[in-house]
Every structure is written in structure tokens, then in C-alpha cells.
Amino acid sequence: MFELSDKHRPPIVILVDELDQLCTKKQELIYDIFNWTTIESARVSVMAIANTLDLPERMLSQRITSRIGAARICFQPYEFQQIECIIRDRLKGSVNAIDEGAVQFAARKVSISIGFS
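Be aware that the sequence shown starts at 1, since it is given in the UniProt record's numbering, and climbs by one per residue.
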């Protein structure tokens with residue numbers, strides 16, 4: 001995939017969201033993604049987002065964790081009002097698609113499941 005060795009080529013940043021969803025028994029895809037960072041001519045960096053802070057220690061094999069940097073950023077979970085706002089925003093243009101009470105109910109259920117009320 002990375003055959004060009006042009007040092008003037010801009011670096012590539014790959015953002016992988018929901019990394020925990022890519023975990024399989026062999027973890028080949030995750031290994032390949034993080035292995036790209038070891039190819040000097042590729043000029044690739046990987047940023048991964050997961051729902052589990054201890055994902056590397058709990059779910060990833062040593063051959064993958066050896067390629068992962070130690071920098072971690074912890075984001076706080078969304079609060080009820082933020083979830084409600086996101087749902088409403090996604091429903092824009094869908095007049096009367098979902099009852100207002102259902103939006104509030106869904107937002108509360110999600111916020112409770114992540115520790116907020």
C-alpha cells in the first residue's frame with residue numbers, strides 16, 4: 001500500500017473510530033493498521049478511538065500493543081442534554097418522525113447506561 005518513498009509527500013493520519021468493534025480473534029486488521037506506522041517511508045500515524053480505556057491491555061495482543069504509543073486522551077461521556085441535542089439534530093428535516101417523549105426517553109436511557117442521569 002505504501003510504496004512511494006517521496007520524503008516530500010505529506011504525512012498520512014489515519015483515524016480509526018470504534019477500534020473495539022474491529023477486535024477479532026486473530027486481530028489481523030488491527031495489526032495491519034498499526035503496523036503501517038512502522039514503515040518509515042509511509043509517513044503514517046494512527047489515532048484510534050475506543051469505548052474502552054483499557055482496550056490495549058484487555059483485548060489486544062502483545063504484537064499490537066508494542067506498536068501503540070502511550071498517549072491516551074480520556075473524553076467524558078455525553079450527558080442527557082447533549083444526547084438529546086444530538087438526537088434532535090439528527091432528526092432535523094424529519095417532521096414528526098419521533099414523538100418528543102421518545103427522544104427524551106432514549107436520551108435518558110443512554111445517559112443512564114453510561115453513568116449519567
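Glycine is no exception: its CB is placed at the ideal position from the N, C-alpha and C atoms.
message: Our contact map puts Thr38 next to Val46 with C-beta atoms below 8 angstroms; I'd like the distance itself, whole angstroms only.
response: Taking 8 angstroms as the upper bound for CB-CB distance, Thr38 and Val46 are not in contact here, some 11 angstroms apart.
field: Among Ile12, Ile30 and Arg88, the one whose alpha carbon lies nearest that of Ala50
entry: Among Ile12, Ile30 and Arg88, the Cα nearest to that of Ala50 belongs to Ile30.
message: At the level of alpha carbons, what is the spacing between Ser61 and Gln27?
response: Approximately 8 angstroms between the Cα atoms of the pair.
- prompt: Are Glu84 and Val103 closer than 8 angstroms when you measure CB to CB?
  reply: With a cutoff of 8 angstroms on beta-carbon distance, Glu84 and Val103 are scored as near each other.
- request: Look at the alpha carbon of Arg67 and the alpha carbon of Glu40, and state the distance between them as a whole number of angstroms.
  value: Going from the Cα of Arg67 to the Cα of Glu40 covers about 13 angstroms.
- prompt: Can you tell me the Cα-Cα spacing of Thr65 and Gln76, whole angstroms?
  reply: The straight-line gap separating the alpha-carbon atoms of Thr65 and Gln76 is approximately 24 angstroms.
task: Could you tell me which residues DSSP pairs with Ala48 in its beta bridges?
output: In DSSP, Ala48 forms a bridge with Val16.
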